[in-house]
Amino acid sequence: MSRFREIIRNKNFSLLWMSQVASQFGDRIIQMALIALVYSVAPGSTFQLAKVISFTIIPVFVIGPVAGVYVDRWDRRKTMVISDGLKSILMLSVPLMFISRASMVSIYVVIFLVFCIGRFYVPAKLSIIPDLVPGKQLLIANSLANMTGMVAAAFGFGLGGILVDAWGAKGGFYLASVSFFVAATTIIFIGTKIVGHIKKEEILELGKEVIEVIKKSVIAEIKDGVAYLIKQKEISFIIKVLFLLWSALGSIYVVAVIFIQHALGTVTKDLGLLIMFLGVGLFIGSLVYGRLGHRVSHFKVIFSCLAFSGVVLSFFVVALTAYPNFIVAATIAFIFGMIVSPIMAAANTLVHEAASSQMRGKVFSSLEIVMHFAFLLFMLISSKLADLVGEFWFLIYTGLIITIVGLFGYIRYGVMEISVNNDKA
Numbered sequence: 317m318s319r320f321r322e323i324i325r326n327k328n329f330s331l332l333w334m335s336q337v338a339s340q341f342g343d344r345i346i347q348m349a350l351i352a353l354v355y356s357v358a359p360g361s362t363f364q365l366a367k368v369i370s371f372t373i374i375p376v377f378v379i380g381p382v383a384g385v386y387v388d389r390w391d392r393r394k395t396m397v398i399s400d401g402l403k404s405i406l407m408l409s410v411p412l413m414f415i416s417r418a419s420m421v422s423i424y425v426v427i428f429l430v431f432c433i434g435r436f437y438v439p440a441k442l443s444i445i446p447d448l449v450p451g452k453q454l455l456i457a458n459s460l461a462n463m464t465g466m467v468a469a470a471f472g473f474g475l476g477g478i479l480v481d482a483w484g485a486k487g488g489f490y491l492a493s494v495s496f497f498v499a500a501t502t503i504i505f506i507g508t509k510i511v512g513h514i515k516k517e518e519i520l521e522l523g524k525e526v527i528e529v530i531k532k533s534v535i536a537e538i539k540d541g542v543a544y545l546i547k548q549k550e551i552s553f554i555i556k557v558l559f560l561l562w563s564a565l566g567s568i569y570v571v572a573v574i575f576i577q578h579a580l581g582t583v584t585k586d587l588g589l590l591i592m593f594l595g596v597g598l599f600i601g602s603l604v605y606g607r608l609g610h611r612v613s614h615f616k617v618i619f620s621c622l623a624f625s626g627v628v629l630s631f632f633v634v635a636l637t638a639y640p641n642f643i644v645a646a647t648i649a650f651i652f653g654m655i656v657s658p659i660m661a662a663a664n665t666l667v668h669e670a671a672s673s674q675m676r677g678k679v680f681s682s683l684e685i686v687m688h689f690a691f692l693l694f695m696l697i698s699s700k701l702a703d704l705v706g707e708f709w710f711l712i713y714t715g716l717i718i719t720i721v722g723l724f725g726y727i728r729y730g731v732m733e734i735s736v737n738n739d740k741a
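Quick look at the structure:
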């Protein structure tokens, strides 16, 4: 604890830490407000909700590959201030669109812009920490920042759901605007200038680099990774597993939101609290796996957790239909989070072990694109299918499929491990 107190006494890091909490809270409020907004114009529509959420994901493909090129050369503090400042202004414009009765298309554009700006904020935040703390405190600073991010996200959903349920979508957007304003203002008081130095002769080089990154973009990112992935059986296997996992998450996401709204009778209140319990489960599951995971095969962990998560999902749907009780739902959400969290941890560990140091960045970049693509694609597909078969049966079938795939993989994982070990030998 003394090391945590020491890092908190660092004024600049404390300001960054507080700003991160405010910005994270604003992001969670936006998501709750969007859910409330869709409910107000198209209650019970999974496809309308999927459309809105898709505009929060597309910036990963459009802006993600470009953002890092600029952030490395800009004043990172100013980048964060401008990012949160612009997000505050844009969020303030959404309630005004309600007053002027603007079309949903205008709101889609604003949401898209907000999340595009967010793609610049994230790398700036991650890269500014070494400029604020001495090297010996870097590990504890990163640990505190990551822990704060997880806690702020989890409790942001819980509190955000309650506030949006009480104040409505417009109130949620106003609150998000205030949160981003507080985040931007806090960063202003960081005392150290953190500038990405760039010489005049480097401007042309920067322009060429940006154009090259834009040209490569999503398709090239995937192509660059494929050539390497084909040669690496373990990483190729991980890609398939993560594609499957994020396809399942995308399939579940919007359908589960509508299902919970119908089952518990609130728009965002119970939903936000359930996501909070899910987040706590993810956090505790990560801690437990980090402590005990080395004793079990990563392959076995991935497939067993996948199989159990399908069972828990189906049980959640049946239990909430028979007993629409928040405590029951929260308990199962917590358990679901604990079961799912080791999958990502095990997959990331396998990548670290299998990928060469020169290729890790490319592999993780490819993984991010694959995961978001899977989530987006299956979210849109599932939203249409759920309208045909109903949320209950869709989630039951999805849980069953996840369980079958997990069991099938668990049975065959030994063959995969033997093959990998033979290749290494």
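Residue 317 is where the sequence shown starts when you use my numbering, and the numbers rise one by one after that. Backbone N, C-alpha and C fix where the C-beta goes; we use that ideal spot for every residue, glycine too.
Cα atoms of Ala-662 and Phe-615: separation of roughly 8 Å, rounded to the nearest angstrom. Contact annotation: the region 588-605 touches the region 636-648, with at least three C-beta pairs closer than 8 Å. In the three-state scheme derived from DSSP, where H, G and I count as helix and E and B as strand, Ala-638 is classed as helix. The three-state reading of DSSP puts Ala-564 in helix, counting H, G and I together. The closest CA to that of Ser-567, considering only Pro-375, Phe-497, Arg-321, Thr-362, is found on Thr-362. A direct Cα-to-Cα measurement between Gly-581 and Phe-341 gives close to 24 Å.
Between the C-alpha atoms of Met-420 and Ser-613 there is a straight-line separation of about 48 Å. In this structure, Phe-691 lies near Ile-373, with their beta-carbon atoms less than 9 Å apart. Taking 9 Å as the cut-off, the beta carbon of Leu-603 is found no closer than this to the beta carbon of Leu-711. Nearest C-alpha to Met-463 among Glu-322, Val-656, Gly-595: Gly-595.
Between the region 495-504 and the region 348-368, the count of Cβ pairs shorter than 8 Å is below three; the stretches do not touch.
The beta carbon of Gly-601 is closer than 8 Å to those of Gly-653, Met-654, Ile-655, Val-656, Ser-657, Pro-658 in its chain, skipping five residues each way along the sequence. With respect to Gly-434, Pro-375 sits close: the two C-beta atoms are nearer than 9 Å. Within the same chain, Cβ atoms closer than 7 Å to the Cβ of Ile-648 are found at Val-628, Phe-631, Phe-632, Ala-635, the five residues on either side in sequence being excluded. Ile-576 places its beta carbon 9 Å or farther from that of Tyr-729. Under the three-state reduction of DSSP output, Asp-343 falls in the helix class.
With a cutoff of 9 Å on beta-carbon distance, Gly-626 and Leu-716 are scored as near each other. The shortest C-alpha to C-alpha distance from Ala-461 to any of Leu-442, Leu-479, Gly-474 is the one to Leu-442. Proximity to Ile-346 across Gln-364, Ile-323, Phe-377, Ile-427 peaks at Ile-427, based on C-alpha coordinates. With a cutoff of 9 Å on beta-carbon distance, Ser-399 and Phe-371 are scored as not near each other. Taking C-beta atoms under 8 Å as the contact rule, Ala-440 and Met-396 qualify, at a distance of about 5 Å. Around the beta carbon of Ala-366, 16 or more other beta carbons lie within 10 angstroms, which makes this residue buried. Following the DSSP letters along the chain, one finds Trp-483 inside the alpha helix (DSSP H) bounded by residues 454-504.
Per DSSP, Ser-370 is one residue of the alpha helix (DSSP H) stretching across 362-373. Take Ser-699, set aside five residues on each side of it, and the residues of its chain with a beta-carbon closer than 6 Å to its own are Thr-362, Phe-363, Ala-366, Val-570, in chain order.
In the three-state scheme derived from DSSP, where H, G and I count as helix and E and B as strand, Val-449 is classed as coil. The continuous stretches of alpha helix (DSSP H) do not include Asp-391, and DSSP gives it neither H nor E.
In this structure, Val-410 sits away from Leu-560, with a CB-CB distance that is not shorter than 9 Å. In the three-state scheme derived from DSSP, where H, G and I count as helix and E and B as strand, Pro-359 is classed as coil.
The beta carbons of Cys-432 and Ile-379 sit closer together than 9 Å. The C-beta separation of Thr-584 from Met-348 comes to about 5 Å, placing the pair in contact by the 8 Å criterion. The beta carbon of Phe-497 sits closer than 7 Å to the beta carbons of Ser-404 from its chain, once the five residues preceding and following it are set aside; these are given in chain order.
Sequence-distant Cβ neighbours of Leu-402 in its own chain, meaning closer than 7 Å and more than five residues away, are Ile-433.
If you look at Gly-597, you'll find it in the alpha helix (DSSP H) that goes 585-608.
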